[in-house]
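Just add 46 to wherever you are in the sequence shown, counting from 1, and you've got my numbering. C-beta atoms are modelled at their ideal positions from N, C-alpha and C, and glycine is treated no differently. Working notes for the structure below.
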Amino acid sequence: MAASTAPDGRGDNRPLRVGIAGLGTVGTGVVKLLAENAEILRLHCPRAIEVVAVSARDRSKDRGINVANVHWTDDPLALADDPNVDVVAEMIGGSDGVAKALVEKAIAKGKHVVTANKALLAHHGTQLALAAERAGVALAYEAAVAGGIPVIKAMREGLAANRIERVYGILNGTCNYILTQMRETGREFADVLVEAQTLGYAEADPSFDVDGVDAAHKLAILTSVAFGCQIDFPGVRISGIRNVSAMDIAYADELGYRIKLLGIARLTPHGVEQRVHACMVPVGAVIAKVDGVYNAVVTDGNFVGQNVVIGRGAGQGPTASAVVSDLMDIARDRILPAFSAPAESLKKLPSAPPGSHFGPYYLRLMVVDRPGVIADIAAALRDENVSLEAMIQRARGDTVPVVLTTHETTEAAIHRVVRRLGHIDSILEPPHVLPIELLA
Ligand code: HSE
Numbered sequence: 047m048a049a050s051t052a053p054d055g056r057g058d059n060r061p062l063r064v065g066i067a068g069l070g071t072v073g074t075g076v077v078k079l080l081a082e083n084a085e086i087l088r089l090h091c092p093r094a095i096e097v098v099a100v101s102a103r104d105r106s107k108d109r110g111i112n113v114a115n116v117h118w119t120d121d122p123l124a125l126a127d128d129p130n131v132d133v134v135a136e137m138i139g140g141s142d143g144v145a146k147a148l149v150e151k152a153i154a155k156g157k158h159v160v161t162a163n164k165a166l167l168a169h170h171g172t173q174l175a176l177a178a179e180r181a182g183v184a185l186a187y188e189a190a191v192a193g194g195i196p197v198i199k200a201m202r203e204g205l206a207a208n209r210i211e212r213v214y215g216i217l218n219g220t221c222n223y224i225l226t227q228m229r230e231t232g233r234e235f236a237d238v239l240v241e242a243q244t245l246g247y248a249e250a251d252p253s254f255d256v257d258g259v260d261a262a263h264k265l266a267i268l269t270s271v272a273f274g275c276q277i278d279f280p281g282v283r284i285s286g287i288r289n290v291s292a293m294d295i296a297y298a299d300e301l302g303y304r305i306k307l308l309g310i311a312r313l314t315p316h317g318v319e320q321r322v323h324a325c326m327v328p329v330g331a332v333i334a335k336v337d338g339v340y341n342a343v344v345t346d347g348n349f350v351g352q353n354v355v356i357g358r359g360a361g362q363g364p365t366a367s368a369v370v371s372d373l374m375d376i377a378r379d380r381i382l383p384a385f386s387a388p389a390e391s392l393k394k395l396p397s398a399p400p401g402s403h404f405g406p407y408y409l410r411l412m413v414v415d416r417p418g419v420i421a422d423i424a425a426a427l428r429d430e431n432v433s434l435e436a437m438i439q440r441a442r443g444d445t446v447p448v449v450l451t452t453h454e455t456t457e458a459a460i461h462r463v464v465r466r467l468g469h470i471d472s473i474l475e476p477p478h479v480l481p482i483e484l485l486a
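Spelled out as structure tokens, the structure:
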């Protein structure tokens, strides 16, 4: 167990000593919060929380924090060996490499671990939770999912009495900001992305965010907490927002929807469905109103009903807030199984087969405006037994958009419709397809 926990396991009043690996935005934020809110923490926590060691690349950089009296080490792994460290705060990032080696070593050395590293947990969370439980230490990661929103605490504690059959949310602030800007200004994705990069809302290499991988990491973790199952990141079906166009956003508005990048996990009779993709949600749904950089997570519990948490999913302040709340839990001796249920009991659930998703769809086709095209399109739908709900063709010209919405059908049937549409010469581009999620 950690060095400052008393032999009877009930904790003591000595400060909780933290070693921080990585003094980037998050690590620096943690040091700042601990200093600025020291008085508040003293009131809420039986033990002081002290940063006693750090490992960061550049010692001379001015980060606006006072770490003069803190032990520095160039080797992050040394924090796991340091007898003065009770908790290793891993703020390095990355699914493997140093971050993984550090977390594994810290656990093996009997130290608690706090991390903001969603990629690490999505790939190795179940094994790390097993190791942590065997070692009797915490593996805490509130900051890894939806930044400052206390969603892990909500699911693991406040909602723990419920059977949860679905969890979904806006899990990436960069995508939500871009989609919001696209709707508000009518601009295209590429244009808004450049602006988001200039403002610091999107990374220079935005692919993890805009291709849905970051949201998928978070969803894989939420799935495990919600359903008491092993993490299955490869089981998440992922697509991002690069193909969402200003025209689809305008049609969504007209049809009474908003386009959002959602992560959705559901227990189905065929297995666990985990999906990250852009979709249309009714404008009246709670999640449709969550705009800009905000994240939101919605859980459906069998007794509590719908529960929604909204807040900032990224940034120094929100992420530090989540990391320090984990440190406070450890200082209070509140150590729960990482993914709600004890790691040994996490079930390996099958993934729902691809194509089994059932729901309505939106399709936009760019067609040559001539007689018979609509009849051909209708035939493709008829031949796959897909029922049309609404159709819009208003413009006139050489090439015009035809927008269709369908009644509920399977994803597999929509793929077959798209294949058939591909054989119609008057359809000039691959169809733009978005699922419609009839959320409340
Ligand atoms: N880049 C993420 C986002 C935050 O835009 O929400 C860190 O996961």
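Could you say which of Thr71, Leu125, Asp132 and Ala186 lies nearest to Ala94 if we only look at CA atoms? Along the sequence shown, read from residue 1 onward, the residue named residue 94 stands at position 48. Measuring C-alpha to C-alpha distances from Ala94 to each of Thr71, Leu125, Asp132 and Ala186 identifies Asp132 as the nearest.
Please determine if the region 121-141 and the region 322-335 are in contact, where contact requires at least 3 C-beta pairs separated by less than 8 Å. Result no; under three Cβ-Cβ pairs closer than 8 Å.
Nearest to Asp346 by alpha carbon, out of Gly68, His323, Arg209 and Val113? For the purposes of this step, residue 346 is identified with residue 300 of the sequence shown, where counting begins at 1. Of Gly68, His323, Arg209 and Val113, the residue nearest in Cα terms is Arg209.
Quick check on this structure: which residue in Val432, Leu382 and Glu430 has the alpha carbon closest to the alpha carbon of Arg180? Position 134 of the sequence shown holds residue 180. Among Val432, Leu382 and Glu430, the Cα nearest to that of Arg180 belongs to Leu382.
Whose C-alpha, out of Pro92, Val369, Ile198 and Leu395, is nearest the C-alpha of Glu136? To locate residue 136, count along the sequence shown from 1; it is residue 90. The candidate whose alpha carbon is nearest that of Glu136 is Val369.
By alpha-carbon positions, which one of Ile195, Lys157 and Ala192 ends up nearest to His177? Counted from its first residue, the sequence shown places residue 177 at position 131. With the sequence shown as reference, residue 177 is identified as Ala, and His is not the correct amino acid for it. Nearest of Ile195, Lys157 and Ala192 to Ala177, Cα basis: Lys157.
Only counting the same chain, and skipping five residues up and downstream in sequence, which positions put a Cβ closer than 8 Å to that of Leu205? As a first step, residue 205 must be located in the sequence shown, where it is residue number 159. Apart from the 5 residues on each side of it in sequence, Leu205 sits with its Cβ closer than 8 Å to the Cβ of Thr345, Gly347, Val350 and Asn353 in its chain, given in chain order.
In angstroms, rounded to a whole number, what distance separates the CA positions of Val183 and Ile86? Numbered from 1 along the sequence shown, position 137 holds the residue referred to as residue 183. Numbered from 1 along the sequence shown, position 40 holds the residue referred to as residue 86. As the crow flies, the alpha-carbon of Val183 is around 26 Å from that of Ile86.
Apply the 10 Å Cβ neighbour rule to His316 and answer buried if 16 or more other Cβ atoms are within range, or exposed otherwise. Reading the sequence shown from its first residue, position 270 is the one you call residue 316. So His316 counts as exposed.
Counterpart residues of Gln352 in DSSP-defined beta bridges: Looking up residue 352 in the sequence shown gives position 306. For Gln352, which the question treats as bridged, DSSP gives the partners Asp346.
Taking buried to mean at least 16 other C-beta atoms within 10 Å of its own C-beta, is Met437 buried or exposed? The sequence position of residue 437 within the sequence shown is 391, counting from 1. The residue is exposed, with fewer than 16 neighbouring Cβ atoms inside 10 Å.
The beta strand (DSSP E) that contains Lys164, what's its start and end? For the purposes of this step, residue 164 is taken as residue 118 along the sequence shown, with counting starting at 1. Lys164 -> not in any beta strand (DSSP E); alpha helix (DSSP H) instead, spanning Lys164 to Ala181.
Cβ-based burial, Glu300 [other Cβ within 10 Å; buried from 16]: Within the sequence shown, the letter at position 254 stands for residue 300. Here Glu300 is exposed: its Cβ has fewer than 16 other Cβ atoms, across all protein chains shown, within 10 Å.
Got a sec: is the Cβ-Cβ distance from Ser253 to anything in chain C below 8 Å? No chain C appears in the structure shown, which is made up of a single protein chain.
Per DSSP, what kind of secondary structure is Met201 in: helix, strand or coil? Translated into positions along the sequence shown, residue 201 becomes position 155. Helix.
Can you list, in chain order, the residues of its chain whose CB lies under 6 Å from that of Met374, leaving out five sequence neighbours each side? Taking the sequence shown and counting its residues from 1, one reaches residue 374 at position 328. Here the set comprises Cys91.
Kindly indicate which three-state DSSP category Gly55 falls into: helix, strand or coil? Within the sequence shown, the letter at position 9 stands for residue 55. Note on Gly55: pLDDT 49, under 50, position unreliable in the model; no value is reported.
Contact under 8 Å by Cβ, Val116 with Ala99: For the purposes of this step, residue 116 is taken as the residue at position 70 of the sequence shown. For the purposes of this step, residue 99 is taken as the residue at position 53 of the sequence shown. Yes. Within cutoff.
Cα-Cα separation, Gly215 to Gly65: Here residue 215 refers to the residue found at position 169 when the sequence shown is read from its first residue. Here residue 65 refers to the residue found at position 19 when the sequence shown is read from its first residue. The straight-line gap separating the alpha-carbon atoms of Gly215 and Gly65 is approximately 32 Å.
Is the beta carbon of Gly219 within less than 7 Å of some heavy atom of the ligand HSE? Here residue 219 refers to the residue found at position 173 when the sequence shown is read from its first residue. At least one heavy atom of the ligand HSE is nearer than 7 Å to the Cβ of Gly219, so yes.
Determine whether the beta carbon atoms of Thr518 and Val149 lie at a separation below 8 Å. Residue 518 lies beyond the stretch modelled for the chain, which goes from 47 to 486, so this question has no answer here.
Any heavy atom of the ligand HSE within a distance shorter than 7 Å of the CB on Lys394? One-based indexing of the sequence shown puts residue 394 at position 348. No, the Cβ of Lys394 stays beyond 7 Å of every heavy atom of the ligand HSE.
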